[in-house]
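K.L.:
Note that the sequence shown covers residues 1 to 148 in my numbering. For every residue, glycine included, the Cβ atom is placed at its ideal position computed from N, Cα and C. Quick caveat: nothing in here was measured; it's all calculated off a predicted structure. Sending over a structure as C-alpha cells; questions will come in a sec.
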Amino acid sequence: MYRRAHSRRFRGFTLTELLVVMVIIVLLAGVAVTYVPKRIEEARVAKTQAEIRTLESALSQFQIRMGDVPTQAESLEALVTAPQGNRNVDKWNGPYLNPPVVPQDAWGNPYIYRAPGSHNTDFDLLSTGKDGREGTDDDITSWEQFEA
1 MYRRAHSRRF RGFTLTELLV VMVIIVLLAG VAVTYVPKRI EEARVAKTQA
51 EIRTLESALS QFQIRMGDVP TQAESLEALV TAPQGNRNVD KWNGPYLNPP
101 VVPQDAWGNP YIYRAPGSHN TDFDLLSTGK DGREGTDDDI TSWEQFEA
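Have a look at this one:
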C-alpha cells in the first residue's frame with residue numbers, strides 16, 4: 001500500500017496531457033500574434049491624435065501672445081525657440097511645449113504644418129500616418145474630428 005501511494009505522488013504527465021497543453025499554448029500565441037499588432041497601431045493613432053491636440057493648444061497660446069500663428073517658414077520650431085526677426089519677438093513667452101521639443105508622430109515622421117491652412121483659416125497640421133505619405137487614408141489631421 002505504501003508503494004502504491006508513493007508511486008502516485010511522483011507520477012509524471014502523459015504524452016497526451018503534454019500535447020494538449022502545447023496545443024493550447026500555440027492557440028493562445030496565434031491569437032496574440034493577430035491581436036497585439038492591431039492594438040499597437042491603435043495606440044499609435046491615439047498618441048498622434050493627442051499630440052496634434054497638444055500642438056493645436058500650443059499654437060493657440062502662441063497666437064494669443066504673438067497676435068498670429070507662426071508662419072510656415074518659422075514652422076513648429078517657433079513653439080520651442082523665439083522666431084528670429086518676428087515683428088513681436090519681445091512678446092514671445094515660450095517655450096509653448098513641454099518638454100521644449102517639437103515632437104514627431106508615433107511612426108517617427110515630422111508633423112506637417114501649413115500656415116495659412118487650406119482647411120482651417122489659421123493653420124493645418126497633419127501626420128502622414130503609418131505609410132509616411134500625405135493624402136492617403138491613414139493621415140491624421142487637425143481639421144477632421146477625432147472619435148472620442
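1. Rounded to whole angstroms, what is the Cα-Cα separation between D90 and A29?
2. Please state whether DSSP places P110 in a helix, a strand or coil.
3. For the alpha helix (DSSP H) holding L59, just list the boundary residues, first then last.
4. Which class does D122 belong to by DSSP, given the choice of helix, strand or coil?
5. Once the 5 residues before and after M66 are set aside, which same chain residues still bring their CB inside 8 angstroms of it?
6. DSSP beta-bridge partners for Q104?
7. CB-CB under 7 angstroms to S118, same chain, minus the five flanking residues each way: which ones, in chain order?
8. Mark A148 as exposed unless 16 or more other C-beta atoms lie within 10 angstroms of its C-beta, in which case mark it buried.
9. Quick check: is the beta carbon of Q72 nearer than 7 angstroms to any beta carbon in chain C?
10. Assign A148 to one of three DSSP states: helix, strand, or coil.
11. Mind checking Y111: buried by the 16 CB within 10 Å criterion, or exposed?
12. State the Cα-Cα distance for the pair K130 and D105, rounded to the nearest angstrom.
P.N.:
Short version:
1. 59 angstroms
2. strand
3. L15 to M66
4. coil
5. N86, N88, K91 and W92
6. DSSP, once it has assigned bridges, lists P110 as partnering Q104.
7. D124
8. A caution first: A148 carries a pLDDT of 46, below 50, which makes its placement in the model too unreliable to give a value.
9. In the structure shown, chain C cannot be found, because there is only a single protein chain.
10. Note on A148: pLDDT 46, under 50, position unreliable in the model; the coordinate value appears next. The answer is coil: DSSP assigns A148 none of H, G, I, E or B.
11. buried
12. 9 angstroms
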